[in-house]
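Colleague: Protein chains in written order, with my numbering: chain A, 164 to 497; chain B, 1145 to 1425.
Glycine included, every Cβ here is placed at the ideal spot set by N, Cα and C.
The model shown is predicted, which means the values in this text are computed figures rather than measured ones.
This is the structure I want to talk about, given as structure tokens.
This is the structure we're talking about:
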């Protein structure tokens, strides 16, 4: 419409923003402010655009597979690229079981560490330990994988799995061949990886519980541990959030699991058997997927993983926010 | 609720002592795990590393070989992702801190937070469909942008937190002198928050320096020194992965040596950040 303006869209946006901005903040309404705000707004919109295009690009590329298999994709147990037969159930199973193992180990451990750091340790001990636990989170996934293959897997094969089989061998969980590479090893390595994450969030959540809660419990004659239980009860939803966050991380963790879980698409009750997770099938098969259907089946798996982790993380954030955001949600009577 | 008998009191004391030592044991166990992992990397890495290893390119098994091109590739892609990711991340962080109190800000904040938790392999697939498929081949560009996508939400959230720590009086002082808001933000608030933002940026760089999954099918890897962004590029992490899953013992040794290099970089950044922030506080 106006030929003298080089970028109509930006100009239009700028004037529209400035008008809003002037009203909202009753400021001088300088052009600089308007331009500044529009640029920042566009950057923020870029984040939304990235997420939206993630979903759409992956959905578009997964279309051949979605059309062909529909919801049967989720329940199909057969994964055979040569025969163009793709079912994701073995990967879903492997992901769920390895994540459950990880949480069973990591949740009590993380709670213990967080309680120790916030409630019990004197500050000069707590700070360096907190730093060391954070360092555990800084170790890259591929390094965990390397350590998992050459240190953890042999250790579990020799010292942990045989006793488990001896004592609990009557359970289907602990039957089968012991190789050191499989669901259990994957779960243990995941546990080590999610522990610092759960610990960090639980620490924040515990720290957000008002001191008055502790003082009240102590004043009633509670021991240190009984006081801690009051604090834990107060922070319950935040702790749940931390656990869900750890779950989200465990579900999406790729490299370390790929390296120790054995990568065999099967559903077996035994934790010693090799398995596959959604993330690890992507990591190890994506670059060899040449034909369209194979590639789109993998992208469909990726899309499922994306949506699941996105939802899991969303739930986790809401739970954590309910405790750490302001004091209104925290001062609950128990 | 309360049996005030002597035995009840003792029982409570015993439980208290037991649980206190249990939590301490948890902390000890986790720290011990860290020490064991780092110890293995140090010992196995040091025994396998050499100067030649740091400059050579990968060679067929038995002829030596090294990670020179992988180190260069990692740095090029980290640089590329920093150039793309840091300004964008900081801009989003500034937006959230300065204008992010409405519903729009909340949506952006929520999406940014959840984006942080999206598995990095998904970012790799997304960039594969977005850049690698149209370009027809893997490239350092795709790898760098994948890493940038991982950086942006981390940098954005730390930037927001750091800007919110800047006292309102500082802002008001600048505004009272007649400065427009953009001058206040860029000239007063950002410099005041700069050390915190730099810390966040360093941690984000440390984080992406260890990323493997997003590079597997975007930058792919290469056996040669490559300085072109439109060609496949080797990286330390992908090289470690390839060496680790290789069948030969020589390769495993090289994986440990490469890991030592990677961990030295990451630990250096983390400890530097720690030192840096303690100085400020």
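1) Give every residue of the same chain whose Cβ lies closer than 7 Å to the Cβ of residue 258/A, excluding the five residues on either side of it in the sequence, and list them in chain order.
2) Which residue wins for smallest C-alpha separation from residue 1294/B, given the options 1193/B, 1398/B, 1378/B and 1224/B?
3) Along the chain, where does the alpha helix (DSSP H) that runs through residue 247/A open and close?
4) Under 9 Å between the Cβ atoms of residue 465/A and residue 223/A?
5) What three-state label does DSSP hand residue 1354/B in the structure shown?
6) DSSP beta-bridge partners for residue 1209/B?
7) Per the DSSP calculation, residue 242/A is bridged to which residue(s)?
8) Looking only at C-alpha atoms, which of 1299/B, 1399/B and 1165/B sits nearest to residue 275/A?
9) Hey, residue 256/A and residue 419/A: beta-carbon distance below 9 Å or not?
10) According to the neighbour-count rule (16 or more other Cβ atoms, all chains shown, within 10 Å of its Cβ), is residue 189/A buried or exposed?
11) Mark residue 426/A as exposed unless 16 or more other C-beta atoms lie within 10 angstroms of its C-beta, in which case mark it buried.
12) Using 10 angstroms around the beta-carbon of residue 271/A, count the other beta-carbons present and answer buried if the total reaches 16, otherwise exposed.
13) Kindly identify the DSSP beta-bridge partner or partners of residue 438/A.
14) So with Cβ pairs under 9 Å, would you call residue 173/A a contact of chain B?
15) Comparing the C-beta of residue 337/A with each C-beta of chain B, is any distance below 9 Å?
16) Anything in the segment 1384 to 1412 of chain B with a Cβ closer than 8 Å to a Cβ of chain A? List those residues in chain order, please.
17) Quick one: what's got a C-beta closer than 6 Å to residue 1420/B's C-beta in the same chain, skipping five residues either side?
18) For a contact defined as C-beta to C-beta under 7 Å, what are the partners of residue 313/A on chain B?
19) For residue 1326/B, which residues in chain A fall below 7 Å Cβ to Cβ?
20) Just how far apart, CA to CA, sit residue 1274/B and residue 220/A?
21) Could you compute how far the alpha carbon of residue 1244/B sits from the alpha carbon of residue 1267/B?
22) Please return the same chain residues whose Cβ sits closer than 6 Å to the Cβ of residue 349/A, not counting the five positions on each side in sequence.
23) Under three-state DSSP, which class holds residue 189/A?
24) Do the CB positions of residue 1220/B and residue 1198/B come within less than 9 Å of each other?
25) Kindly list, in the order they appear in chain A, the residues whose Cβ is closer than 9 Å to that of residue 1308/B.
26) Within the continuous alpha helix (DSSP H) that includes residue 1295/B, where are the two ends?
27) Measuring straight from C-alpha to C-alpha, what distance separates residue 290/A and residue 403/A?
28) With burial defined as no fewer than 16 other Cβ atoms inside 10 Å of the residue's Cβ, what is the status of residue 328/A: buried or exposed?
29) In the segment 1332 to 1358 of chain B, which residues sit with their C-beta less than 9 Å from some C-beta in chain A, listed in chain order?
30) Under 9 Å, do residue 408/A and residue 444/A count as touching if we go by C-beta distance?
31) Could you check which residue in 396/A, 463/A, 371/A and 358/A has the C-alpha nearest to that of residue 265/A?
32) Kindly list the residues whose CB is nearer than 6 Å to the CB of residue 1297/B, restricted to its own chain and excluding five residues on each side of it in sequence; keep chain order.
33) In chain order, what residues of the segment 372 to 400 of chain A put their CB closer than 8 Å to some CB of chain B?
34) CB residue 1362/B to CB residue 1289/B, shorter than 9 Å?
35) For residue 372/A and residue 205/A, I'd like the C-alpha separation in whole angstroms.
36) Less than 9 Å between the C-beta atoms of residue 1341/B and residue 1302/B, yes or no?
Modeller: Walking through what the data contain:
1) 414, 440 and 441
2) Measuring from the Cα of residue 1294/B, the nearest candidate turns out to be 1224/B.
3) Per DSSP, residue 247/A belongs to no alpha helix (DSSP H) and is neither H nor E.
4) no
5) coil
6) 1202/B
7) 249/A
8) For residue 275/A, the nearest C-alpha among the options comes from 1165/B.
9) no
10) Note that residue 189/A scores a pLDDT of 42, beneath 50, so its modelled location is shaky and nothing firm can be said.
11) buried
12) exposed
13) DSSP, once it has assigned bridges, lists 425/A as partnering residue 438/A.
14) Summary for residue 173/A: the model assigns pLDDT 49, below 50, so the residue's position carries little reliability; its value from the coordinates is reported in the next sentence. It does not; no Cβ of chain B falls within 9 Å.
15) For residue 337/A, the answer is no, since every Cβ of chain B falls outside 9 Å of its Cβ.
16) 1384, 1385, 1388, 1389, 1396, 1399, 1400, 1403, 1406, 1407, 1410 and 1411
17) none
18) 1396
19) 195, 196 and 199
20) 7 Å
21) Approximately 26 Å between the Cα atoms of the pair.
22) 261, 420, 423 and 424
23) Residue placement at residue 189/A is poorly supported in this model, since its pLDDT is 42, which falls under 50; the coordinates still yield a value, given next. Coil.
24) No, the Cβ-Cβ distance between residue 1220/B and residue 1198/B is not below 9 Å.
25) Per Cβ cutoff of 9 Å: no residues; residue 1308/B is ~13 Å from chain A at best.
26) 1284 to 1308
27) 24 Å
28) By the 16-neighbour rule on beta-carbons within 10 angstroms, residue 328/A is buried.
29) 1347, 1350, 1351, 1353, 1354, 1355, 1356 and 1357
30) no
31) 358/A
32) 1256, 1259 and 1260
33) 384, 386, 387, 388, 389 and 391
34) yes
35) 37 Å
36) yes
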